[in-house]
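Comments concern the structure below.
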Amino acid sequence: CNAVKYANDIVYSKENVWEKPAVVRGNEIDELLGNNLGHNFPVIDKIENRTITSFKSIDLTLKSYQDKNKLYGQLARNVRQLEGFSGKVWSEQEVLLKDYDAKVLQIAISKAIITGEQKLAFDAVKLYAKEKGIKIIVTVVTNK
Numbered sequence: 001c002n003a004v005k006y007a008n009d010i011v012y013s014k015e016n017v018w019e020k021p022a023v024v025r026g027n028e029i030d031e032l033l034g035n036n037l038g039h040n041f042p043v044i045d046k047i048e049n050r051t052i053t054s055f056k057s058i059d060l061t062l063k064s065y066q067d068k069n070k071l072y073g074q075l076a077r078n079v080r081q082l083e084g085f086s087g088k089v090w091s092e093q094e095v096l097l098k099d100y101d102a103k104v105l106q107i108a109i110s111k112a113i114i115t116g117e118q119k120l121a122f123d124a125v126k127l128y129a130k131e132k133g134i135k136i137i138v139t140v141v142t143n144k
């Protein structure tokens, strides 16, 4: 499955962020996706229009993510972490229960081929997240 066809949207970067170390890549993707809470705010990265969003970048070319169970496990942990978020005051920023009505997990992936196993994991975690009241958005981040 082509990642672009599977994804909800595409964001273009100036450089190939997927060639960078995970922390650097994560920070750059945070910026591209519109982090407005700072890089160290716990669990969530953005609040906008009464929706909180947690950004996660997943390098689908890594061996560990070729296994659908490992990929699902990681994504399900991200869902549970967001589900458990109920507000936080952090470094002069505050996001409280009264500030939002919806939760989104936005997963950034590269412009690659999604294997059948990976698609199964994504489809399963979308259902799991829906049960928890969380919307999943898959975003391709590419420089091409």
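When you line the sequence shown up against UniProt numbering, it's residues 1 to 144, in that order. The beta carbon of each residue, even a glycine, is placed where N, CA and C say it ideally should be. From a predicted model like this one, the values you see are computed outputs, not experimental measurements.
Measuring C-alpha to C-alpha distances from V4 to each of I114, R50 and N78 identifies I114 as the nearest. The beta carbon of Y100 is closer than 8 Å to those of I47, R50, T51 and I52 in its chain, skipping five residues each way along the sequence. Apart from sequence neighbours up to five positions away, the residues of its chain that approach K56 with a beta-carbon distance below 6 Å are N78 and I107, ordered along the chain. Secondary structure of D123 (DSSP, three-state): helix. L97 is positioned such that its CB atom lies no closer than 8 Å to that of L82. Annotation: the continuous alpha helix (DSSP H) that includes I29 extends over A22 to L33. Inclusion of V141 and N8 in the CB contact set at 8 Å is not warranted, their separation being larger than that value. Within the same chain, E117, L120 and A121 come within 6 Å of K68 by CB-CB distance, once the 5 residues on both sides are set aside.
Separation of V23 and N16 (C-alpha to C-alpha, rounded to the nearest whole angstrom) is 14 Å. Spanning the alpha carbons of K20 and P42 requires a straight line of approximately 23 Å. Rounded to the nearest whole angstrom, the CA to CA distance from Q93 to L37 is 7 Å. Between the C-alpha atoms of Y72 and E131 there is a straight-line separation of about 15 Å.
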